[in-house]
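Reviewing the structure listed below.
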Amino acid sequence: MKTSRLILIPLLVIQCLPVLCFSTDFDFFYFVQQWPGSYCDTKKSCCYPCTGKPRSDFGIHGLWPNYEDGSYPSNCDPQSPFDESEISDLTSRMQSEWPSLACPSSNGSKFWGHEWNKHGTCSQSVLNQHDYFAAVLNLKNKVNLLQILISAGIIPNGQLYSIESIKEAIRGASGHSPWIECNVDPCGNSQLYQIYQCVDTSALTIIECPVFPRGRGCDSKIEFPSF
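Numbering (mature numbering (1 follows the signal peptide of the UniProt record, and there is no 0)), first residue to last: -21 to -1, 1 to 206.
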């Protein structure tokens, strides 16, 4: 019996090694949406997609796996590149809710491919490619950021608003605190650029953020430009 156990143990270790090598774990997601008016209102400007000017709403930037220590995995599986045919049934929704404003104009596939290759491949223990993009679209529908802000009297009209009032409006509607990223317009004004919300590892539920990103801070009052 002792000999039999000695033989079995190495075999079990060898069988488990491939799983350990290729599995990727993470602690939560950042779900990031950006305001198109702020993206375009910079010195580098923007280019509308081939489908035309996006609607005046927050657009998706991505769903990013992260660790609780503030670090994050990236480009986890070069053997699983973006395949647009996998999401053909989602394309029209993505063009509307996940548009690319980068120049030159495009249909968005390069943007989506970047998001999958850098971030999505690190969530494959939970989501395949189709499920990843579908989950992002569904998350956007869970919390309507623009309507939340408008209901709180925070309107994209080029005026300045307290960053605390923006956070409070989103916290009151979603139950959880967001993180706000600002950029700077050509005149040097700090403006509302991206809103981060944290999501559990199933990509279903918005949660309180274990840690906020390290990034550009905001002035106490920030511009909410029109689009």
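Beta carbons: idealized from backbone N, C-alpha and C, even for Gly.
Three-state secondary structure (DSSP) of residue i
i	result
Pro44	strand
Asn107	coil
Leu183	coil
Gly132	coil
Gln58	coil
Phe191	coil
Lys119	helix
Gly92	helix
Cys(-1)	Caution is warranted here: a pLDDT of 39 is assigned to Cys(-1), below 50, making its placement in the model unreliable, and no coordinate value can be reported.
Cys26	coil
Gly31	coil
Gly49	coil
Gly38	strand
Sub-9 angstroms separation of residue i and residue j beta-carbons
i	j	result
Thr21	Pro78	no
Ala152	Ser169	no
Tyr140	Tyr9	no
residue 271	Gly16	Any answer about residue 271 is impossible in this case: the structure gives the chain only from -21 up to 206.
Phe7	Ile186	yes
Gly87	Gln74	yes
Cys161	Leu80	no
Cys82	Ser24	yes
Ile159	Cys188	no
Ser67	Ser205	no
Inter-residue spacing [alpha-carbon to alpha-carbon] between residue i and residue j
i	j	result
Ala113	Asp56	20 angstroms
Ala182	Leu171	25 angstroms
Ser2	Ser104	At Ser2, the pLDDT of 46 sits below 50, so the modelled position is not reliable; the number obtained from the coordinates is stated separately. Cα to Cα, Ser2 sits roughly 7 angstroms from Ser104.
Ser53	Leu118	21 angstroms
Arg195	Gly167	14 angstroms
Pro60	Trp14	28 angstroms
Val190	Ser50	10 angstroms
Pro33	Glu76	8 angstroms
Cys120	Ser64	Note on residue identity: the sequence assigns Asn, not Cys, to residue 120. Looking at the two C-alpha atoms, the distance is approximately 23 angstroms.
Tyr111	Gln138	36 angstroms
Ile142	Pro192	16 angstroms
Strand pairing of residue i, partner residues [DSSP]
i	result
Asn162	Gln170
Lys200	Ser141
Tyr175	Val11 and Trp158
The ligand ADP heavy atom lying under 8 angstroms from the CB of residue i
i	result
Ser35	The ligand content of the structure shown is nil, which means the ligand ADP is not present either.
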